[in-house]
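**Q** My questions all concern the structure below.
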Amino acid sequence: MMGLILEALEAMGHNVRWMSWNLFLGLLPLALSFWLFRKPRSRWLLWGTWALLGATFVPSTRHVLGYLRHIVQDVGKTYVLGAIAITIVLMALDIWVLRQRGVRSLRWWGGFFWFIAFLPNAPYVLTDIIHLIRQIKEGNSVWIVTLALIPQYLAFMLAGFGAYVLSVMNLGYYLKQQGWGRFILATEMIIHALSAIGIYLGRFIRFNTWDILTNPDALVNTVMNDLIGKRPFVVMAATFVVIAVLYWVMKQVILGISQRFYASQSSSESIDQTATSSDSIDLRL
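If you're matching positions, the sequence shown starts at -3 in my numbering and goes up one per residue.
Take a look at the structure:
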């Protein structure tokens, strides 16, 4: 029995580093959404997210420092000019489309840019199922696969994709607060499509979020030239469908859990109205 336990721990230990890194990247947009769009009312959700960010960052510290060193060395004029252009365009859209009296800060727009850039990392964890298939083919026993590897992968993918769902829901809540509630569904579809493109670039072309900084020319050329073929289109379309369906399912689960939890915690009128409301955005998360 002890030998089986040690073998299971060894098999799971091989996944800790890359799972931690991928989950850290997937949690970043959720943390950004708390700052940009909506601070959660649940302290457990807020502090739990930050605690999980820290726990996933620690095993990847050396990995992160290596990336930062790489970025500092490779960032050039292309990125600086591109960042300035994107910021100006977004600020102009904010004035023209939203017609607000003031302009959001450069810091907010920078945070929104990185929110969109990192967001595909959250649903990307679904594609890491290929590593489970590889480990099964390596000859691990049925007990190791069933009682150790599969639960580990399920927890990993549930946390990553759950972060994606909550991030997009927070964006929807923000749109509603700005009076753009009728565009929530369209925005969700656009986000799913962009995530499908990002997942394809990451899984098959092997780009990552940091290439926005370190390799923007190759990234732009790939997007413009290599994504119009039949195979990329089919793969991205299938990915879009999977993301959209799983997002809808998990969103309903989160809504149901939230409504039931708060309905049972208090009988006050304000909470009862929120818990029984048909509005799916006003959650007490």
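Glycine included, C-beta positions come from ideal geometry on N, C-alpha and C.
Short of 6 Å in beta carbon distance, which residues of its chain neighbour N18, apart from the five on each side in sequence? Order them along the chain.
**A** So the qualifying residues of the chain are V121.
**Q** Going along the chain, which unbroken runs of the beta strand (DSSP E) with 3 or more residues stay wholly within the stretch 101 to 139?
**A** Segments of the beta strand (DSSP E) lying fully in the stretch 101 to 139: there are none.
**Q** F53 to T45, Cα distance in whole Å?
**A** Computed Cα separation, rounded: 12 Å.
**Q** Can you give the Cα-Cα distance for L190 and T183, rounded to whole angstroms?
**A** Near 10 Å, if we compare the C-alpha coordinates of T183 and L190.
**Q** Can you tell me where the alpha helix (DSSP H) with Q148 in it begins and where it stops?
**A** Residues I146 to Q173.
**Q** Q39 by DSSP, collapsed to three states: which one?
**A** Here residue 39 is Arg; the residue named in the question, Gln, does not match the sequence. R39 falls in the helix class under three-state DSSP.
**Q** Taking the alpha carbon of G158 as the reference point, which residue from W244, Q173 and T57 has its own alpha carbon closest?
**A** Of the candidates W244, Q173 and T57, the one whose C-alpha sits nearest the C-alpha of G158 is W244.
**Q** Would you mind sorting W105 into buried or exposed? The rule is 16 or more other CB atoms within 10 Å of its CB.
**A** Flag for W105 reads buried.
**Q** When we look at the beta-carbon of M15 and count the other beta-carbons within 10 Å, is it buried (16 or more) or exposed?
**A** By the 10 Å Cβ count, M15 comes out buried.
**Q** Distance check for P116 and F108, CA to CA, integer angstroms please.
**A** Rounded to whole angstroms, F108 to P116 spans 14 Å at the Cα level.
**Q** Indicate whether the contact test is met: 3 or more Cβ pairs, each with one atom in the stretch 125 to 140 and one in the stretch 164 to 173, closer than 8 Å.
**A** Judged by Cβ distances under 8 Å, the stretch 125 to 140 makes no contact with the stretch 164 to 173, as fewer than three pairs qualify.
**Q** Which residue from G225, M246 and A4 puts its Cα closest to that of G156?
**A** If we check each option's Cα against that of G156, M246 comes out closest.
**Q** On the DSSP letters alone, give me the boundaries of the alpha helix (DSSP H) that P25 sits inside.
**A** Per DSSP, P25 belongs to the alpha helix (DSSP H) from M(-2) to L32.
**Q** What whole-angstrom Cβ distance do T205 and A113 have, given they're in contact under 8 Å?
**A** That belief holds up - the Cβ atoms of T205 and A113 are roughly 5 Å apart, short of 8 Å.
**Q** With a Cβ-Cβ cutoff of 9 Å, do I195 and D222 count as a contact?
**A** The answer is no: Cβ separation not under 9 Å.
**Q** Is it right to say G225 is buried, meaning 16 or more other beta carbons lie within 10 angstroms of its own, or is it exposed?
**A** Under this definition G225 is an exposed residue.
**Q** Going by DSSP, what residue range makes up the alpha helix (DSSP H) through S191?
**A** That run of the alpha helix (DSSP H) goes I180 to R199.
**Q** To which residues of the same chain is V249 closer than 7 Å at the C-beta, ignoring the five residues directly before and after it?
**A** Excluding residues within five positions, none has a Cβ falling inside 7 Å.
**Q** Classify A234 as buried or exposed, calling it buried when 16 or more other Cβ atoms lie within 10 Å of its own Cβ.
**A** Exposed is the call here.
**Q** So, using beta-carbon positions, are L5 and A144 closer together than 9 Å?
**A** For L5 and A144, yes; Cβs fall inside 9 Å.
**Q** One question on the structure: do G22 and Y160 come within less than 9 Å of each other, judged by their Cβ atoms?
**A** Closer than 9 Å, so yes.
**Q** Keeping to the same chain, check which residues put their C-beta closer than 8 Å to that of F33; ignore five residues upstream and five downstream.
**A** Only N166, L167, Y169 and Y170 meet the Cβ criterion.
**Q** I need the straight-line Cα distance from K133 to M8, nearest angstrom please.
**A** If you take the alpha carbons of K133 and M8, they lie about 15 Å apart.
**Q** What separation, rounded to the nearest whole angstrom, lies between the Cα atoms of F20 and L49?
**A** Answer to the nearest angstrom: the Cα atoms are 6 Å apart.
**Q** Quick one: what's got a C-beta closer than 8 Å to S29's C-beta in the same chain, skipping five residues either side?
**A** So the list reads F111, L162, S163, N166 and L167, once near-sequence residues are dropped.
**Q** Where does W176 fall in DSSP's three states?
**A** In the structure shown, W176 sits in coil (DSSP, three-state: anything other than H, G, I, E or B).
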